[in-house]
Amino acid sequence: PRTELDQKVFHLLAHIVESEKYNHKYYTHDDSMTHLLIDFIVLEKLVEEFLPEVSKHIKVHSTTNPIMTYVGAKWFIPIFIDCLPPDVLVTVWDMYIRHGIVTLFWVALMVFNECQAEILGLADVEIMTAISRGTKKMTKGSITGPFMEDVRERVTLTSIKELREIVRKEQFGMLRPTSHLRHCDVFNLDGCSLM
Numbered sequence: 001p002r003t004e005l006d007q008k009v010f011h012l013l014a015h016i017v018e019s020e021k022y023n024h025k026y027y028t029h030d031d032s033m034t035h036l037l038i039d040f041i042v043l044e045k046l047v048e049e050f051l052p053e054v055s056k057h058i059k060v061h062s063t064t065n066p067i068m069t070y071v072g073a074k075w076f077i078p079i080f081i082d083c084l085p086p087d088v089l090v091t092v093w094d095m096y097i098r099h100g101i102v103t104l105f106w107v108a109l110m111v112f113n114e115c116q117a118e119i120l121g122l123a124d125v126e127i128m129t130a131i132s133r134g135t136k137k138m139t140k141g142s143i144t145g146p147f148m149e150d151v152r153e154r155v156t157l158t159s160i161k162e163l164r165e166i167v168r169k170e171q172f173g174m175l176r177p178t179s180h181l182r183h184c185d186v187f188n189l190d191g192c193s194l195m
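Position one of the sequence shown corresponds to residue 1 (the UniProt record's numbering), numbered consecutively onward.
In structure tokens, the structure reads:
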């Protein structure tokens with residue numbers, strides 16, 4: 001027999017799976033995971049903005065794209081469940097329940113930031129290995145440091161939605177009619193700042 005708690009848990013999970021705040025249609029089959037691909041590109045742009053040396057190094061020294069191949073399988077779809085230490089994972093999931101999908105971008109940027117010294121000394125598959133090792137070394141302190149404060153202040157659900165629209169237009173030729181965004185409205189280009 002189902003209990004009241006069972007029903008509450010079911011409704012919470014249904015809300016997470018169905019709500020744009022939480023998954024941006026990752027779990028739908030109607031468009032070949034286009035939404036997930038868009039978020040990979042959004043993350044690439046955020047890494048370029050916050051960690052330009054890491055972004056450049058990955059582009060020059062990696063034949064595989066760790067953001068595309070690793071992040072989706074290990075981070076965004078399962079919400080970091082298999083890669084973070086348990087105490088950090090609980091904190092990340094708490095953030096995810098409170099803030100939604102923007103948490104995935106915050107934590108991904110945190111991991112790249114924490115691993116950047118190692119990444120900059122490696123090439124190709126070794127970069128993926130460093131990122132994998134780096135997730136296991138994360139601490140709660142990583143989530144609360146000055147880098148994360150800056151990321152959390154500048155990367156919001158609104159800025160993610162704006163970046164998605166830009167990527168949708170650039171990569172897929174689809175811009176929703178209500179959006180009037182330019183690149184520099186979101187990125188620090190030609191004197192404009194993020195958000």
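Beta carbons: idealized from backbone N, C-alpha and C, even for Gly. What you are looking at is a predicted structure, and each value in this text was computed from that prediction instead of being measured.
Q: With DSSP collapsed to three states, give me the class of A123.
A: What you label residue 123 is simply residue 123 of the sequence shown in a count that begins at 1. Coil, per DSSP.
Q | Contacts around T178, its chain only, beta-carbon distance under 6 Å, and the 5 residues preceding and following it disregarded | A | As a first step, residue 178 is located in the sequence shown; it is residue number 178 there, counting from the start. Residue confidence for T178 is low, a pLDDT of 37 falling below 50, so the modelled location carries little weight and cannot support an answer.
Q: Could you work out which residue in S55, Y26, S142 is closest to F76 when comparing CA atoms only?
A: Here the question's residue 76 lines up with position 76 in the sequence shown. Ranking the options by Cα distance to F76, first place goes to Y26.
Q.
So for E18, helix, strand or coil by DSSP?
A. Mapped onto the sequence shown, residue 18 falls at position 18. Helix.
Q | T34 versus G121 - alpha carbon distance | A | Sequence index remark: in the sequence shown, residue 34 carries index 34 (1-based). Sequence index remark: in the sequence shown, residue 121 carries index 121 (1-based). In a straight line, the C-alpha of T34 is about 33 Å away from that of G121.
Q) Which ranges would you report for the alpha helix (DSSP H) in the UniProt domain "Rab-GAP TBC" (1-100) if only whole runs of at least 4 residues count? A) 4-18, 34-50, 52-61, 86-99
Q) What is the DSSP secondary structure of G134, reduced to helix, strand or coil? A) Stepping through the sequence shown from its first residue, residue 134 is reached at position 134. Three-state result, G134: helix.
Q) According to the Cβ coordinates, are L84 and T135 closer than 8 Å? A) For the purposes of this step, residue 84 is taken as residue 84 along the sequence shown, with counting starting at 1. For the purposes of this step, residue 135 is taken as residue 135 along the sequence shown, with counting starting at 1. Yes, Cβ-Cβ distance for L84 and T135 is below 8 Å.
Q) Between the stretch 156-171 and the stretch 107-115, do at least 3 Cβ pairs fall closer than 8 Å? A) no
Q. Anyone know if the C-beta pair for R36 and G72 falls short of 8 Å?
A. Translated into the one-based positions of the sequence shown, residue 36 becomes position 36. Translated into the one-based positions of the sequence shown, residue 72 becomes position 72. Residue 36 is actually Leu in this sequence, not Arg. Yes. Within cutoff.
Q. Where does R2 land, buried or exposed, given buried means 16+ other C-beta within 10 angstroms?
A. Position 2 of the sequence shown holds residue 2. R2 should be labelled exposed.
Q: Could you tell me which of L13, V17, L12, N23 sits nearest to L157, measuring between CA atoms?
A: In the sequence shown, residue 157 corresponds to position 157, counting from 1. Nearest of L13, V17, L12, N23 to L157, Cα basis: N23.
Q. By Cβ distance below 7 Å, which residues in the same chain neighbour L12 in space, the five residues on each side in sequence not counted?
A. Locating residue 12 in the sequence shown gives position 12, where the first residue counts as 1. Contacts found: none.
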